[in-house]
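There are 2 protein chains.
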Amino acid sequence: MNAFERLSLNTATIKKSTLAEAVELSAAAGLGHIGLWRDRVAEAGLEKSAKLVADAGLQVSSLCRGGFLTAADDGGQRRAYEDNVQAIIEAATLGTSELIMVVGGLADGERDIAAARGRVADRLAELAPVAQEHGVRLVLEALHPMYAADRAVLSTLGQALDLAAPFPSRTVGVVVDTFHVWWDPQLEQQIRAAGEQGRLASYQVCDWNLPIASDALLSRGYMGDGYIDFATISNWISQTGYSGPVEVEIFNQQIWDSSPAEVVQTVADRYRTLVLPHL
Amino acid sequence: MNAFERLSLNTATIKKSTLAEAVELSAAAGLGHIGLWRDRVAEAGLEKSAKLVADAGLQVSSLCRGGFLTAADDGGQRRAYEDNVQAIIEAATLGTSELIMVVGGLADGERDIAAARGRVADRLAELAPVAQEHGVRLVLEALHPMYAADRAVLSTLGQALDLAAPFPSRTVGVVVDTFHVWWDPQLEQQIRAAGEQGRLASYQVCDWNLPIASDALLSRGYMGDGYIDFATISNWISQTGYSGPVEVEIFNQQIWDSSPAEVVQTVADRYRTLVLPHL
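Chains as they are written, first to last, in my numbering: chain A, 23 to 301; chain B, 23 to 301.
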């Protein structure tokens, strides 16, 4: 097994590359997996994307992303349902069981975050049978609390596990993305709980950079450039018995402006020195 | 009792005003309290500040701030101890029992947030007897997780209560600042716990504005300008039996650039319509 067998590059990290380019770079660097965004898959075509990845000998670690479940009106809820059914089908076609879910923020003008969270639970209950039917898992992603208003009212791993609790662990899981949860004083116990419940579906690594970028979504950085303790968190992940892919998803303008080949090399280097020894 | 008896303007909200100006504006608007930053007190002189406030018929709701307890070296720890002893003496002299504590971020180059949190607990244990002796309470402030690396490794109200647990409730308390904790799925239960433990020492209100300001510290806004549900949170506070001051502390460049009299008027108006009915 090569050092990068478990490493997965999410296509958003090299946002300007086509799917074919991302697949080629990943395979050339010896990565075992690739994480796909739906936009790149749509450009390349669903069936063709599946073939591209398979022909390169890669596994799809996850599909990003479903979700945005917090619409307060019937039309918005129906559209979210339909879009998520489509995402489930895409995940199944691409050969990944893991569909990452970013649940969405407050509805327009809404201030009642508890109500928005309630709607996420309602939508999950509608989608879970569809996911189950296609052998796909809805993977709840807790986003950093700085995105609670506009991106995801799901803010902690513990809350993700509570949301997942009514469903089978094969149908609703959770992802640990270090950027979003590194600060959480309950992180160790919640990672252990996720493992015990069989819900740990994905481990994603990137760093927390400061200052926060002017577009707050772009504050993610290469492992080692920020403040996150990858040794400790990776060790907690490992102790659950998780043996799946480790995905690197970085939104960062400077990285997007770099040569994709260099980005893949840096990701691989940082993974080998900062993450792999603790897995 | 006038509508603003419980309202307190923190001097940081009208950062450019002297203490004398802030006192005069607060009293003229009928506010019952004022929240003091140590810089304004130092400018005016400690004894003179106490007299200014008392002569205007105001109560000091809190002194901001002690803390920054995370230094990893002996020298830094000694300086933090000495500065906090001084802050305790200032609070007592100013006639407030509540010293707000911002605990500090990671030490230079540090990645082990658990270790940094451990040092906060150690420093608290050293300071608690001093605070007790002066009749001052160390009021732990959970800061928004986006400040965990550089400002406060204390990120949730639940974590603040855990830190406070070894100490008498009169000596170590907690503050609920809506900006920092509004997103927390455990907020209701932690506010209830703070009340039951007699540790709810301060309630601070301001809103969560988007986009996050280029200096992330300045993202705070007037109540009603952002995404926070003041009705619900104020109601939870009220249900604990908390009957103390409600302090408004806003760091916001646009507000700092406005006329202080207009700022006080807007703070009072927003308080009356968005907070007071739910207390």
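No residue lacks a Cβ here, since even glycine has one placed at the ideal position from N, Cα and C.
Along the stretch 103-131 of chain A, going in chain order, the ones with a CB nearer than 7 Å to a CB of chain B are Leu128. The beta carbon of A/Thr288 sits closer than 7 Å to those of Tyr244, all from its chain and outside the five residues before and after it, given in chain order.
With respect to chain B, the C-beta atom of A/Met168 has a partner C-beta closer than 8 Å. Taking 8 Å as the cut-off, the Cβ atoms of B/Val45 and B/Ala78 count as close. In this chain, the beta strand (DSSP E) harbouring B/Glu269 covers Val268 to Val270. Residue pairing for A/Asp229: DSSP places it in a beta bridge opposite A/Gly243. The criterion of a C-beta distance shorter than 8 Å is not satisfied by B/Ser119 and B/Arg62. Counting the other Cβ atoms within 10 Å of the Cβ of A/Gly88 gives 16 or more, which makes it buried. For the C-beta of A/Pro188, not a single chain B residue is nearer than 9 Å; the gap to the nearest is close to 16 Å. Across the set B/Ala143, B/Phe273, B/Gly246 and B/Arg145, the C-alpha of B/Gly246 shows the shortest separation from the C-alpha of B/Val297.
The way I'd put it, the stretch 122-131 of chain A does touch the stretch 159-176 of chain A; three or more beta-carbon pairs between them come closer than 8 Å.
Three or more Cβ pairs closer than 8 Å define a contact, and the stretch 35-52 of chain A falls short of that threshold against the stretch 83-100 of chain A. For a cut-off of 8 Å, the C-beta gap from A/Val152 to A/Val107 is around 5 Å, short enough to register as a contact.
Annotation for B/Ala25: Arg294 and Leu298 place their beta carbon closer than 7 Å to its own, counting only its chain and skipping 5 residues before and after. Chain-ordered listing is empty here: chain B has no CB closer than 9 Å to the CB of A/Arg141, the nearest sitting near 15 Å.
Contacts with chain A at 8 Å (Cβ-Cβ) include B/Tyr249.
None of the residues of the stretch 87-102 of chain B has a beta carbon lying less than 7 Å from any beta carbon of chain A. With respect to the 8 Å criterion, A/Leu74 and A/Ser48 are not classified as neighbours on the basis of their beta carbons. Rounded to whole angstroms, the gap between the alpha carbons of B/Glu163 and B/His202 is 9 Å.
B/Ala223 sits buried, since 16 or more C-beta atoms from the chains shown fall within 10 Å of its C-beta. A distance below 6 Å between beta-carbons, with the five flanking residues on each side excluded, links B/Leu232 to no residue of its chain. In this structure, the CA atom of A/Ala114 is about 45 Å from the CA atom of B/Leu183. In the displayed model, A/Ala49 falls within a helix according to three-state DSSP. Here B/His300 is not near B/Ser236, since their CB atoms are 8 Å or more apart. Annotated three-state conformation of A/Gln108 is helix, per DSSP. The Cβ-Cβ distance between A/Ile110 and A/His156 falls below 8 Å.
Nearest in C-alpha terms to A/Ile135, of all of B/Trp204, B/Asn274, B/Gly263 and B/Ser241, is B/Trp204. At least one CB atom of chain A sits nearer than 8 Å to the CB of B/Thr178. Within the model, the alpha-carbon separation for A/Pro188 versus A/Ile250 is close to 32 Å. Cα atoms of B/Ala51 and B/Val286: separation of roughly 7 Å, rounded to the nearest angstrom.
Listed in chain order, the non-local C-beta contacts of A/Ala283 below 8 Å within the same chain comprise Leu47, local neighbours out to five positions each way being set aside.
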